[in-house]
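Single-structure report; data block below.
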Amino acid sequence: MRFEIMRLDDVDGTAVDSTVVDAASVNRIVQQAASMGQRIYIRPADTGTR
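Residue numbers for the sequence shown, in the numbering used here: 16 to 65.
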């Protein structure tokens with residue numbers, strides 16, 4: 016499964032940038048964001064297949 020991770024602006028919470036990663040990478044990215052105090056939003060990525 017793939018996830019879209021968006022880094023959020025500290026002031027107004029709008030998405031500054033985003034990336035799509037596999038499930039194995041999510042924990043690493045969450046740990047990095049936590050250590051730097053970044054706000055992120057994670058949601059399942061739309062793969063276009065159903």
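Beta carbons are placed, not taken as given, at the ideal position from N, Cα and C, and that holds for glycine.
Beta-carbon proximity check, residue i vs residue j, cutoff 7 Å
i      : j      : result
Ala-48 : Ile-55 : yes
Asp-37 : Arg-22 : no
For residue i, the three-state DSSP class (helix, strand or coil)
i      : result
Met-16 : coil
Ala-38 : helix
Val-26 : coil
Inter-residue spacing [alpha-carbon to alpha-carbon] between residue i and residue j
i      : j      : result
Asp-24 : Ala-30 : 6 Å
Ala-39 : Gly-28 : 26 Å
Met-16 : Val-26 : 31 Å
7 Å CB neighbourhood of residue i in its chain, flanking five on each side removed
i      : result
Ile-44 : Ile-20, Val-36
Ala-60 : Arg-17, Phe-18, Glu-19, Val-35
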